[in-house]
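**Q** Using numbering that gives the first Met the number 0, the first residue of the sequence shown is number 0, and each one after it goes up by one.
Attaching a single structure in structure tokens format; questions to follow.
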Amino acid sequence: MMDVGRLCVKVAGREAGKKCVIVEILDDSFVMVDGQVKRRKCNIDHLEPMPHDFELAGTSHDDVVSALK
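Okay, here's the thing in structure tokens:
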């Protein structure tokens, strides 16, 4: 379920309620997210996956933000 390009909503922390996209899977518990949030490592327990996927050719912040719009 948690794969690269998956749209998620943060459910914990100061960025709760904001949308983000998984850009890299780090291990079983952590992923790298970007989007309406700062690009950072995030625990998958703090994310709620949405049914949308994105094809991310480039993983720059601007590419992710433009895909969300």
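In this text, a Cβ means the ideal position worked out from N, Cα and C, and glycines have one as well.
So Ile24 and Met49 are in contact, right, with Cβ under 8 Å, and what is the actual spacing, rounded?
**A** About 17 Å; that fails the 8 Å criterion.
**Q** Going by C-alpha distance, which of Phe53, Lys18, Ala15, Leu46 is nearest Val70?
**A** Lying before the first or after the last residue shown, residue 70 is absent from the chain, which here runs from 0 to 68.
**Q** Measuring only the C-alpha atoms, how far is Ile21 from Arg13?
**A** C-alpha separation (whole angstroms): 18 Å.
**Q** Residues in its own chain within less than 7 Å of Glu47 by CB, not counting five upstream and five downstream?
**A** Answer for Glu47: Cys7, Val8, Val10, listed in chain order.
**Q** The beta strand (DSSP E) with His60 in it runs from where to where?
**A** Per DSSP, His60 belongs to no beta strand (DSSP E); it is in the alpha helix (DSSP H), 60-67.
**Q** Nearest to Lys37 by alpha carbon, out of Leu55, His45, His60?
**A** Considering only alpha carbons, the answer is His60.
**Q** Roughly how many angstroms lie between the CA atoms of Val64 and Arg39, to the nearest whole one?
**A** Going from the Cα of Val64 to the Cα of Arg39 covers about 14 Å.
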